[in-house]
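Protein chains in written order, with this note's numbering: chain D, 1 to 117; chain C, 1001 to 1111.
Here is the structure:
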């Protein structure tokens, strides 16, 4: 089974702190994704990565950055946490598509509920 | 732009059927369906591919209308275990497995 793990289930930080959320997958997947999930808004893509040291902005990248130094690990960084970044953060991974299109899906971690006070 | 899901919420009695719709304004290559229970990660249900057939397993099936860029998830003879929030994730042509998710449909099955 694919396993995606996230470093914390719950996290409480103060405004202005630098926050690191870690995600590790054990299936040698090329693609990794970070989403935030808010009530009524569904899952929104923050950043994604197709390979080590490669990253692309998603739909809501403002206030976030990412790092992927190893294939299995994808980190989300909040440079200066703000209260509007209080949310559930979900990491996902997927294998690279065989051509331009995928026939496989994304596998999600359990999520980190971040509260910024 | 996020795909539009309808309805936003539905309550069923055990044994009843439901249909959840997902519509996109963009040309799609695939639609992925997930179910998420409270406090848990989204769990993959099925993929519908452009040019593919209707998929299904047990009492949950789905279809993809390429002309309308719309997918529907069919839940028949619902069980209590079907309760949760259902999300569709759409992949555009050339999307490289990048999905855009709808806002979700909350489904509650009662006795």
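Where is the CB? At the ideal position from N, CA and C, for every residue including glycine.
Only a predicted model underlies this, so the values are computations on that prediction, with no experimental measurement involved.
Residue contact check for residue 94 of chain D against chain C: a CB pair falls below 8 Å. By the criterion of at least three beta-carbon pairs nearer than 8 Å, the stretch 85-95 of chain D is not in contact with the stretch 1055-1073 of chain C. By the neighbour-count criterion, in which 16 or more other beta carbons inside 10 Å mark a residue as buried, residue 32 of chain D falls on the buried side.
According to the DSSP assignment, residue 1106 of chain C belongs to the beta strand (DSSP E) that extends over 1105-1110. Counting only residues of its own chain and dropping the five nearest sequence neighbours on each side, residue 38 of chain D has a CB closer than 8 Å to the CB of 44, 87, 88.
Shown here, residue 1081 of chain C sits in a helix according to DSSP, grouped into three states.
For residue 1082 of chain C, same chain residues with a beta-carbon under 7 Å away, outside a window of 5 residues either side, are 1075, 1107, 1109 in chain order. With fewer than 16 other CB atoms across the displayed protein chains lying within 10 angstroms of its CB, residue 1011 of chain C is exposed. Contact between residue 41 of chain D and residue 1041 of chain C fails: their C-beta atoms lie close to 17 Å from each other, not under 8 Å. Restricting attention to D/110, D/35, D/114, the CA atom closest to the CA of residue 1043 of chain C is found in D/110. By the criterion of a C-beta distance shorter than 6 Å, residue 1094 of chain C is surrounded by no residue of its chain, once the five residues flanking it on both sides are discounted.
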